[in-house]
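Have a look at the structure below before the remarks.
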Amino acid sequence: MTRMDEMASWGIVETASRIAAGEVSAEEVARATLARIEASNERLGAFVDVTAGELLEGARAVDQRRARGEAAGKLAGVPLGIKDALCTRGVTTTCGSKVLRHRGEPWRPPYDATAVARLKGEGALLAGKCNMDEFAMGSSTENSAYFPSKNPVDPSRTPGGSSGGSAVAVAGRMTPGALGSDTGGSVRQPAAYTGCVGVKPTHGRVSRFGLVAYASSLDVVGPMASDVRGAARLLDVIAGHDPRDSTSLEAPVPSHEEACGRGVRGLRVGVPEEYFAAGLAPEVAASVREAIGALEAQGAEVRPVQLPHTRHAVATYYVLATAEASSNLSRFDGVRFGLRVEPPGADLASMYGATRNEGFGPEVRRRILLGTYVLSHGYYEAYYLKAQQVRTLIRRDFLEVFSSVDLVATPTAPTAAFRLGEQIDDPLTMYLNDIYTLPASLAGLPALSVPVRPAPAAGATPALPVGLQLIGPALGEPVLFAAAAAVEAAGLR
Amino acid sequence: MTAYEAVIGLEVHAQLLTSSKLFCPCPTSFGAPPNTHVCPVCLGLPGALPVLNRRAVELATRAALALRLTVHPTSIFARKNYFYPDLPKGYQISQFDRPLATEGSLAFELEGGEVRSVGIQRIHMEEDAGKNIHGQGGDSIVDLNRAGTPLVEIVSAPELRSGAEAAAYLKTLRDLLLFLGVNDGNLEEGSFRCDANVSIRPRGAQRLGTRCEIKNVNSFRFVQKAIEFEILRQEQVLASGGTILQETRGWNERDGRTFSLRSKEEAEDYRYFPDPDLPPLRLEPAAIEAAAASLPELPEPKRERYHRSLGLTPYAAGVLTAHPRTAAFFEEALALFQGDANKVANFLLSEVLAGASFRGIDATFPVSPAQLAGLLRLVEDGAISGKQAKEVYAALQHTDASPAQIVRDKGMEVLRDEASIEALCRRILDANQRQVDAYRAGKTALLGFFVGAVMKETKGSASPALVNAILTRLLTA
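If you're matching them up, the sequences are chains A and B in order.
Under our numbering, read the first sequence as residues 1 to 493, first letter to last.
Under our numbering, read the second sequence as residues 1001 to 1477, first letter to last.
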């Protein structure tokens, strides 16, 4: 094993402690990171912008601080990929879209997202901006205005989406961790498809300030990492109240990293039958059931539960998320920033039309149209209002379940990673990828995906990663980390 | 009397007197260079989020309580979606089906003294848009300094019947908001704006006619004229067999007519829905009660008190309550003076207000309440005459001096020393023996001549009563 390969095998916690112990310099880690990105980014498409200069400069600063004996932070020298949906001060932030690029120049925000600022505050270093489905709308990164990302396990397959680039950065061993954002499964599903850990915290646990909004009532910034403890450390750093986000929660932040060592003895794990119905690939079901068995073997108590409104989640989500998106994306109008297209002799309306038509890809346009429709006069009650009511029912399902269990275990996605191009012309099938992740999003509950035994794929291709989804009650992240660490410790992957 | 009756409802947009915007810390001050009072939030940059200004909620609540509305423990911010360059996010954050407060009323007095009361349907909070400036070399310039400024929209019931009623309602509402410290009442700078919904129907009919909305008229007089014109226009349309089209109309002050801006067919669907970036606004019932208890005295009860309890004329009471700073000046001066309220009121009305200037909620007076009180006290104690008071007042203006100091500096103190006045009087009588003889022969009107001579000699500083008495005594001796 070369030194570089060795470094690539380190998770966040190991990278940070080796740098802190002086076994390796932050600059060495940064150089190895850049070398790996150089070696595989063109093939896998994890990053849309690599901030090499900033990374090296930041690494040297960490080394200098350490040399002076100053505290450098819990993530000092750890390189991270940041989803292109999160604002990074002075650095490309395009949300995977052409609309945030004008005359070749990407939009560069004058501020960091709160989550990004908190990572930097603990010494983490930005390695680059990660590819994504445009405006986080998609499940394969094929809706990126740049290029599709590819699954490191099998590059003919998708890494999932929309945080596909972040998942590839981690699973492709370019960075030990990354930030994604999850609106309906956009962190969990790519984590499952690529074999890394992905966390969607409770809505409001992590500030949304600086996250380019897709559907505000569902959007959550979430960590991705090569192991459970690394994801926990990232969450410890980014979680907590932010006065700049009125929907952020004030509850104190417990140590999620500490919770990883808690064990699962006596934990009550609910298994909802609705998640193991038609549409679930048998090899995925087998891996997931095996993992649940591993929890039971470690002392958890497994029992069946019911979440009867699960079947309405996809319809509910696509009404509410598109409604909010249609409004959130109105600011991309060519007036103040980003793309402006002015056909000769254009009046205001045709400037708007040309800018948005050229700036947005087909899936974004589809969702804006859908969302505009469901909010329109005469349709609001039948769609938006009805969907809000169903959302309440879904929330109540979970409340009911969490009166008798501590967490719920399900598959993260109904299949393993599909082939690129396989579903891109079939939006309805594509939307079903999120069938198991949407309910927790609608209920605002924390959920994570942890890798379990890969499923054998047809043909000679390697076995494909499978994720176990764990869903907890509001602010129940510590329990999820305890269970995820137990699954990880079972050594199924 | 025509066969038709007008039905008028008014929507007032009043800027709340906060120092920062509704959802970000940018200042709200007027007149800064374009696009200098902006930040990522009010520019609508990606990822920026709104955070509600609590002071704005307090002010809006105060207005709602003063207008006797029910303030709701929960209200909801909603997005009003439309595209326009002065609207950075592509939506305005407003309140829609769950406003801050509903169902109140405002009483106001018409020219002839008749008192009317009109329902207030709702008060909600919202952010203002920026400003488009057209026609600079064919370009449109957008200034977003105003974007995000906090407003309350105050919607009256359609219960007004004439342009005069509308103007009286608006003026009363303006004064009320001014006294509450909620709004500066400045129509010219657009911090108090009015839209009027006007329709007519056959007298006695129940059903409302088709309405037209007249937008953004910037003076009370013009509101009255625009409504009067609009009523006549609609009557003429109906009289000639036409139908009223539902439309938005503007007001042209040059030719005194309203004109069509856009018809209902072009009206937008704003696709209101609850803003997911802002949790429901919750107000504790106890906090609402506390706000109600701490409302300042409003213009109408104040006017009543000045008249009934302090004995001012209705006219004086009216003038003193036209602006909160005038009323405050009067009350402070009266408290320091501790005498007849009419004396304070009269001096304020005749002298001080002539030199006062008003701009919105702010006012400047040529003297302070303490200076006025001190001056009136000197007169009251007989230290100076009423005539001298005006001279002292002239010297007091725009200085920090005390009235007593000015009196001393000018050597104006009243001469009260009887011996020296008598000596002076004797001197005057000796010098005018002929007139003394004439007086003693019965020409008593000559007393005035002697008094005048003494006063002239003392440069007006002698007490006229004392001079009178001494001269009379000497002449009749």
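Note that the Cβ used here is the ideal one computed from N, Cα and C, for glycine as well.
Continuous alpha helix (DSSP H) stretch holding residue i: start and end
{"i": "B:Glu-959", "result": "An answer regarding residue 959 of chain B cannot be provided, because it is not within the stretch 1001 to 1477 covered by chain B."}
{"i": "A:Leu-320", "result": "313 to 328"}
{"i": "A:Ala-440", "result": "438 to 443"}
{"i": "B:Ala-1370", "result": "1369 to 1380"}
{"i": "B:Lys-1387", "result": "1386 to 1396"}
{"i": "B:Glu-1457", "result": "1447 to 1457"}
{"i": "B:Thr-1061", "result": "1054 to 1066"}
{"i": "B:Thr-1476", "result": "1464 to 1476"}
With 16 other Cβ atoms within 10 Å as the buried cut-off, status of residue i
{"i": "B:Pro-1403", "result": "buried"}
{"i": "A:Asp-84", "result": "buried"}
{"i": "B:Val-1115", "result": "exposed"}
{"i": "A:Leu-385", "result": "exposed"}
{"i": "B:Phe-1259", "result": "exposed"}
{"i": "A:Thr-202", "result": "buried"}
{"i": "B:Pro-1050", "result": "buried"}
{"i": "B:His-1398", "result": "exposed"}
{"i": "B:Phe-1329", "result": "buried"}
{"i": "A:Asn-131", "result": "buried"}
{"i": "B:Ile-1200", "result": "buried"}
{"i": "B:Ile-1133", "result": "exposed"}
{"i": "A:Lys-74", "result": "buried"}
{"i": "A:Ala-413", "result": "buried"}
{"i": "A:Gly-195", "result": "buried"}
{"i": "B:Ala-1290", "result": "exposed"}
{"i": "B:Asp-1430", "result": "exposed"}
Range covered by the beta strand (DSSP E) that runs through residue i
{"i": "B:Arg-1116", "result": "1115 to 1127"}
{"i": "A:Thr-15", "result": "First-last for A:Thr-15: 12 to 20, but that is the alpha helix (DSSP H), not the beta strand (DSSP E)."}
{"i": "A:Leu-448", "result": "447 to 455"}
{"i": "A:Met-224", "result": "220 to 225"}
{"i": "A:Ser-181", "result": "177 to 182"}
{"i": "A:Lys-129", "result": "125 to 130"}
{"i": "B:Gly-1104", "result": "1101 to 1109"}
Contact check, residue i vs residue j, beta carbons under 7 Å
{"i": "A:Ala-117", "j": "A:Leu-55", "result": "no"}
{"i": "A:Ser-25", "j": "A:Gly-96", "result": "no"}
{"i": "A:Ala-178", "j": "A:Val-170", "result": "yes"}
{"i": "B:Leu-1160", "j": "B:Ala-1166", "result": "yes"}
{"i": "A:Gly-338", "j": "A:Leu-100", "result": "yes"}
{"i": "A:Glu-324", "j": "A:Ser-216", "result": "yes"}
{"i": "A:Ala-440", "j": "A:Ile-471", "result": "yes"}
{"i": "A:Ala-59", "j": "A:Glu-27", "result": "yes"}
{"i": "B:Ser-1162", "j": "B:Val-1118", "result": "no"}
{"i": "B:Arg-947", "j": "B:Gly-1185", "result": "There is simply no residue 947 of chain B to check, as chain B begins at 1001 and stops at 1477 in what is shown."}
{"i": "B:Val-1392", "j": "B:Leu-1375", "result": "yes"}
{"i": "A:Ser-181", "j": "A:Gly-161", "result": "no"}
{"i": "B:Leu-1151", "j": "B:Glu-1103", "result": "no"}
{"i": "A:Val-206", "j": "A:Ile-238", "result": "yes"}
{"i": "B:Ala-1048", "j": "B:Val-1041", "result": "yes"}
Three-state secondary structure assigned by DSSP to residue i
{"i": "B:His-1307", "result": "helix"}
{"i": "A:His-203", "result": "coil"}
{"i": "B:Val-1182", "result": "coil"}
{"i": "A:Arg-89", "result": "coil"}
{"i": "B:Tyr-1091", "result": "strand"}
{"i": "A:Leu-119", "result": "helix"}
{"i": "A:Glu-257", "result": "helix"}
{"i": "B:Ile-1141", "result": "strand"}
{"i": "B:Phe-1365", "result": "coil"}
{"i": "B:Ser-1219", "result": "coil"}
{"i": "A:Gln-552", "result": "Because chain A here runs from 1 to 493, residue 552 of chain A falls outside it and cannot be looked at."}
{"i": "B:Tyr-1084", "result": "coil"}
Worksheet item: Going along the chain, which unbroken runs of the alpha helix (DSSP H) with 4 or more residues stay wholly within the region 27 to 84 of chain A?
Response: Entirely contained in the region 27 to 84 of chain A, the alpha helix (DSSP H) runs reaching 4 residues are, in chain order, 52 to 67.
Discussion item. Just to confirm the assignment: which complete alpha helix (DSSP H) runs, minimum length 4, are found wholly within the region 1260 to 1295 of chain B?
Written reply: As far as the region 1260 to 1295 of chain B is concerned, its whole alpha helix (DSSP H) runs of at least 4 residues are 1285 to 1293.
Worksheet item: Which runs of the alpha helix (DSSP H) spanning at least 4 residues fall entirely within the region 1306 to 1355 of chain B, listed in chain order?
Response: Taking only runs of at least 4 residues, the alpha helix (DSSP H) segments lying wholly in the region 1306 to 1355 of chain B are 1314 to 1320, 1324 to 1337 and 1341 to 1347.
Worksheet entry | Ordered list of beta strand (DSSP E) runs contained in the region 224 to 295 of chain A, each at least 3 residues | Scanning the region 224 to 295 of chain A for uninterrupted beta strand (DSSP E) segments of 3 residues or longer gives 268 to 272, listed from N- to C-terminal end.
Worksheet entry | In chain order, each beta strand (DSSP E) run of at least 3 residues that lies wholly inside the region 141 to 198 of chain A | As summarised for the region 141 to 198 of chain A, the continuous beta strand (DSSP E) elements at least 3 residues long and confined to that stretch are 177 to 182, given in chain order.
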